[in-house]
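So the sequence shown is numbered by my numbering: it starts at 95 and just counts up by one. Each residue gets a CB set at the ideal place from its N, CA and C atoms; glycine is no exception. These notes are about the structure you will find just below.
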Amino acid sequence: MGRVPHAPAWRPERRPAGRRQPDRRERRAARAAVGPAVSPLYLLRHGPLSVSGAPIGWRDDPPSVEAERRWPAVREHLRGLGLARVLSSDLARSRVPAADLGLPHEVLRALREQSFGAWEGVAWSDNPEAAVIYADPVTAAPPGGEAYKTCAARAIAAAIAALDDRPTLILAHAGSLRAILAAWLGLPIPRALDLAWDPYGFTCLDRYDIGRGVLRFHNRQIG
95 MGRVPHAPAW RPERRPAGRR QPDRRERRAA RAAVGPAVSP LYLLRHGPLS
145 VSGAPIGWRD DPPSVEAERR WPAVREHLRG LGLARVLSSD LARSRVPAAD
195 LGLPHEVLRA LREQSFGAWE GVAWSDNPEA AVIYADPVTA APPGGEAYKT
245 CAARAIAAAI AALDDRPTLI LAHAGSLRAI LAAWLGLPIP RALDLAWDPY
295 GFTCLDRYDI GRGVLRFHNR QIG
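The following block contains the structure:
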């Protein structure tokens, strides 16, 4: 019987001297050579509040009974999407359901709703001073509150800084979500206020790493 030759011992491949890993800018350039990278971005407005017909911005109202009743079905739908993480504001109506998803969760104060200052909780129909907002909804500010353009700027900046290529849900407020969606669709901020967004309204877009997105659906009701 002839001798069986021994296989040569395995040795790990050595990286050539002086070779380094590409940095973030080089990896981005390599991706650009084959087309922009795309990742899904999901946007969900919090559930309904107990107060209706009045602005609720920074006032930290808890989720309503109706919101809690509907939440289990909403949660089940979201858990089937393959989400990697969730971003929310620090207000309870956004933060509490986001934490309940059991995903990596980042709380960002900048995702808050517009602050309505002295008008928080005051019915629009009982507030004649609110006419200034109807006339100039983007730059006018309630007493002690902020203009919508201020809310939009901070929400957009926070989203740009926080988002990466992972499938992400932002669970926040109508004002901040409108601004974020408008930014990725290339809409000017005044047009953001033309976007209807109901409680538990659910939106999805394909977000490209060149700063633009393609809308898949908007304000869909789930749960």
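* With a cut-off of 8 Å, do at least 3 Cβ pairs link the region 210-219 to the region 148-156? -> Yes: at least three Cβ pairs fall under 8 Å.
* Where do the N-terminal and C-terminal ends of the alpha helix (DSSP H) with T244 fall, by residue? -> Y242 to A256
* Asked: Which one of A204, A193, N313 and Y228 has the shortest CA to CA distance from F296?
  -> N313
* **P80, enclosing alpha helix (DSSP H) - first and last residue** => No information on residue 80 is available, as it lies outside the stretch 95 to 317 that the chain covers here.
* Near A273, what residues of its chain come up, given a Cβ to Cβ distance below 6 Å and the 5 sequence neighbours on each side ignored? -> A distance below 6 Å between beta-carbons, with the five flanking residues on each side excluded, links A273 to the following residues of its chain, in chain order: A246, A249, I250 and A286.
* Asked: Do V226 and K243 have their CB atoms nearer than 8 Å?
  -> no
* **Cutoff 8 Å; reference W165; Cβ partners in own chain excluding five residues on either side** => G141, P157, P191, D194 and G317
* Tell me whether the beta-carbon of L175 lies closer than 8 Å to the beta-carbon of Y136. => yes
* List the DSSP bridge partners of S133. => R301
* Could you please give me the residues that DSSP links to L263 through a beta bridge? => Y136 and V180
* Asked: Do you know offhand how far L172's Cα is from S219's?
  -> 36 Å
* Asked: When DSSP labels each residue in this structure, what does E170 get in the three-state scheme?
  -> helix
* Asked: Does the distance from the CB of G215 to the CB of A148 come in under 8 Å?
  -> yes
* Given that a residue counts as buried once 16 or more other Cβ atoms are within 10 Å of its Cβ, and exposed if not, what is S270? -> buried
* Asked: Do you know how far the Cα of E223 is from the Cα of L138?
  -> Spanning the two alpha carbons is a distance of roughly 31 Å.
* Secondary structure at V308, three-state DSSP: helix, strand or coil? -> DSSP, reduced to helix, strand and coil, places V308 within a strand of the structure shown.
* To do: Kindly indicate which three-state DSSP category V145 falls into: helix, strand or coil?
  => Note: V145 maps to coil in three-state DSSP.
* Asked: When you compare each of A252, I283 and R260 to L197 by their alpha carbons, which one comes out closest?
  -> R260
* Asked: On the three-state DSSP scale, how would you describe V216?
  -> coil
* Asked: Where does V180 land, buried or exposed, given buried means 16+ other C-beta within 10 angstroms?
  -> Classification for V180: buried.
* To do: Report all residues from its chain with a CB closer than 7 Å to the CB of V168; omit the five preceding and five following residues, and keep chain order.
  => Listed in chain order, the non-local C-beta contacts of V168 below 7 Å within the same chain comprise Y294, I316 and G317, local neighbours out to five positions each way being set aside.
* Asked: For G269, which of helix, strand or coil comes out of DSSP?
  -> In the three-state reduction of the DSSP assignment, G269 falls in the helix class, which pools H, G and I.
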